[in-house]
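> Heads up: the protein sequence lines correspond to chains Z and R, in order. No gaps in the numbering here: position 80 of the first sequence is 80 in our numbering, and each next residue is one more. Take any residue in the second sequence, note its place counting from 1, add 88, and you have its number in our numbering. So that we are looking at the same thing, I have put the structure below in structure tokens.
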Amino acid sequence: MANNKNVRYLNPIAIDTKSERYCRFRKKGFKYIDYKDGDFLLMLVNEQGKIMPRRLTGTSLKYQRRVGQAIKKARHIALLPYVADQLH
Amino acid sequence: MLRTRYETVFIITPVLSEEQAMDVVKKFKDLLEEQGAKITHQENWGMRKLAYPIQKKSTGFYFLVEFDATPDSILPFETEFRRDERVIRFLTTKMDKHHIAYAESGRDRAKKRADAPAAPAAEVSVEKA
Numbered sequence: 001m002a003n004n005k006n007v008r009y010l011n012p013i014a015i016d017t018k019s020e021r022y023c024r025f026r027k028k029g030f031k032y033i034d035y036k037d038g039d040f041l042l043m044l045v046n047e048q049g050k051i052m053p054r055r056l057t058g059t060s061l062k063y064q065r066r067v068g069q070a071i072k073k074a075r076h077i078a079l080l081p082y083v084a085d086q087l088h
Numbered sequence: 089m090l091r092t093r094y095e096t097v098f099i100i101t102p103v104l105s106e107e108q109a110m111d112v113v114k115k116f117k118d119l120l121e122e123q124g125a126k127i128t129h130q131e132n133w134g135m136r137k138l139a140y141p142i143q144k145k146s147t148g149f150y151f152l153v154e155f156d157a158t159p160d161s162i163l164p165f166e167t168e169f170r171r172d173e174r175v176i177r178f179l180t181t182k183m184d185k186h187h188i189a190y191a192e193s194g195r196d197r198a199k200k201r202a203d204a205p206a207a208p209a210a211e212v213s214v215e216k217a
């Protein structure tokens, strides 16, 4: 039975270092999220056109609400789809 | 009455020709002037593809108008939008100070970009002569 001394891994196992998630809106100092800017909002929406949750994007509650409002307005004026199959 | 700043985006049905669409735009701008509103900015996004079909149409003529108006002049403005069937979608939003700052900075950037390319082109032609 190989004792664990000479058990070498092919490559170091990547213990997923918990990358410190930050709210990019607060970091960059966003003052206003524009509902007319379709390409920017596309980054905050997943393939089906749904709004990305905070636990994935790490945004703070204050900006997540504004993002939500902006995306809903953009959907109303048909800049973003309500539902899409493959968006990006 | 204190005037607040609003911004309206509306989509005109693509069936109309260019000047008919501009007539619709003119009609709403005159309506705004009648209400005593002052138009501060307007943008013509032209014909764009819609993200989903509206009234069986997949493209639309987008127009944005930004204006200062008294709050009670918004209701007649919007009922007129609902009555006019050439406009298939409209959205009026009140602009808070961050939104205004964002819009104005956007315009300065656009203007700067507009003047910037003109300068280098001029130099190039000078050398050629």
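Even glycine gets a Cβ: it sits at the ideal position worked out from N, Cα and C.
By DSSP, does Ser233/R sit in helix, in strand, or in coil?
With chain R covering 89 to 217 only, the question about residue 233/R has no answer from this structure.
> Would you say Ala70/Z reaches chain R, if we count a Cβ-Cβ gap shorter than 8 Å as a contact?
Here residue 70/Z is taken as the residue at index 70 of the first sequence, counted from 1. No, because no Cβ of chain R sits closer than 8 Å to the Cβ of Ala70/Z.
> Can you tell me the Cβ-Cβ gap for Lys36/Z and Val97/R, rounded? I've got them flagged as a contact below 8 Å.
On the first sequence, position 36 is the one that residue 36/Z refers to. On the second sequence, position 9 is the one that residue 97/R refers to. With a Cβ gap of about 7 Å, Lys36/Z and Val97/R count as contacting.
> With 8 Å as the threshold, decide whether the Cβ of Leu179/R is near any Cβ in chain Z.
Start at 1 with the first residue of the second sequence, and residue 179/R comes out as number 91. Answer yes: the Cβ-Cβ gap between Leu179/R and chain Z drops below 8 Å somewhere.
> So that I know if they touch, is there some Cβ in chain R lying closer than 8 Å to that of Pro53/Z?
As a position in the first sequence, residue 53/Z is number 53, starting the count at 1. With respect to chain R, the C-beta atom of Pro53/Z has no partner C-beta closer than 8 Å.
> If you count every other CB in all the chains shown that lies within 10 Å of the CB of Gln86/Z, and 16 or more means buried, which is it?
For the purposes of this step, residue 86/Z is identified with residue 86 of the first sequence, where counting begins at 1. With fewer than 16 Cβ atoms within 10 Å of its Cβ, Gln86/Z is classed as exposed.
> Quick one: what's Gly148/R bridged to in DSSP?
Taking the second sequence and counting its residues from 1, the one referred to as residue 148/R is at position 60. For Gly148/R, which the question treats as bridged, DSSP gives the partners Arg136/R.
> Please work out which residues of its chain come closer than 6 Å, Cβ to Cβ, to Trp133/R, disregarding the five sequence neighbours upstream and downstream, and give them in chain order.
For the purposes of this step, residue 133/R is identified with residue 45 of the second sequence, where counting begins at 1. Cβ neighbours of Trp133/R beyond the five flanking positions: Tyr150.
> Alpha carbon to alpha carbon, what distance is there between Phe169/R and Phe178/R?
For the purposes of this step, residue 178/R is taken as the residue at position 90 of the second sequence. For the purposes of this step, residue 169/R is taken as the residue at position 81 of the second sequence. Each residue's Cα considered, the two are about 7 Å apart.
> Quick one: what's got a C-beta closer than 6 Å to His129/R's C-beta in the same chain, skipping five residues either side?
Start at 1 with the first residue of the second sequence, and residue 129/R comes out as number 41. Contacts found: Glu154.
> Could you check the C-alpha separation between Asn6/Z and Cys23/Z for me, to the nearest Å?
Here residue 6/Z refers to the residue found at position 6 when the first sequence is read from its first residue. Here residue 23/Z refers to the residue found at position 23 when the first sequence is read from its first residue. In a straight line, the C-alpha of Asn6/Z is about 44 Å away from that of Cys23/Z.
> Alpha carbon to alpha carbon, what distance is there between Ser105/R and Asp172/R?
Here residue 172/R is taken as the residue at index 84 of the second sequence, counted from 1. Here residue 105/R is taken as the residue at index 17 of the second sequence, counted from 1. For Asp172/R and Ser105/R, the distance between alpha carbons rounds to 16 Å.
> Would you mind telling me which residues of chain R sit closer than 9 Å to Tyr63/Z, beta carbon to beta carbon, in chain order?
Position 63 of the first sequence, counted from the first residue, corresponds to residue 63/Z. By Cβ distance, chain R contributes nothing, its closest Cβ being about 12 Å from Tyr63/Z, past 9 Å.
> Looking only at its own chain, which residues have a Cβ that is under 7 Å from the Cβ of Leu119/R, when we skip the five neighbours before and after it?
Residue 119/R sits at position 31 when you count from the first residue of the second sequence. Phe165 and Glu168.
> Given a cut-off of 8 Å, decide if Leu44/Z and Thr57/Z are closer than it, judged by their beta-carbon atoms.
Your numbering for residue 57/Z matches position 57 in the first sequence. Your numbering for residue 44/Z matches position 44 in the first sequence. Yes, the pair counts as a contact, with Cβ atoms nearer than the cut-off.
> Under 8 Å between C-beta atoms, does Gly148/R make it to chain Z?
Along the second sequence, one-based indexing puts residue 148/R at 60. It does; some Cβ of chain Z falls within 8 Å.
> In its own chain, which residues sit with a C-beta less than 6 Å from the C-beta of Asn46/Z, not counting the 5 before and 5 after it?
Looking up residue 46/Z in the first sequence gives position 46. Contacts found: Met52.
> Just mark Gly148/R as buried or exposed, buried being the case when its beta carbon has 16 or more other beta carbons within 10 Å.
Sequence index remark: in the second sequence, residue 148/R carries index 60 (1-based). Buried is the call here.
> Are Asp156/R and Ala198/R touching if we call contact CB-CB under 8 Å?
Looking up residue 156/R in the second sequence gives position 68. Looking up residue 198/R in the second sequence gives position 110. Contact: no.
> At 8 Å on the CB atoms, spell out the chain Z contacts of Val97/R, in chain order.
Numbered from its first residue, the second sequence carries residue 97/R at position 9. Lys36 and Ile77, listed in chain order.
> Would Lys31/Z count as contacting chain R if we go by Cβ distances under 8 Å?
In the first sequence, counting from the first residue as 1, residue 31/Z sits at position 31. Yes, contact with chain R.
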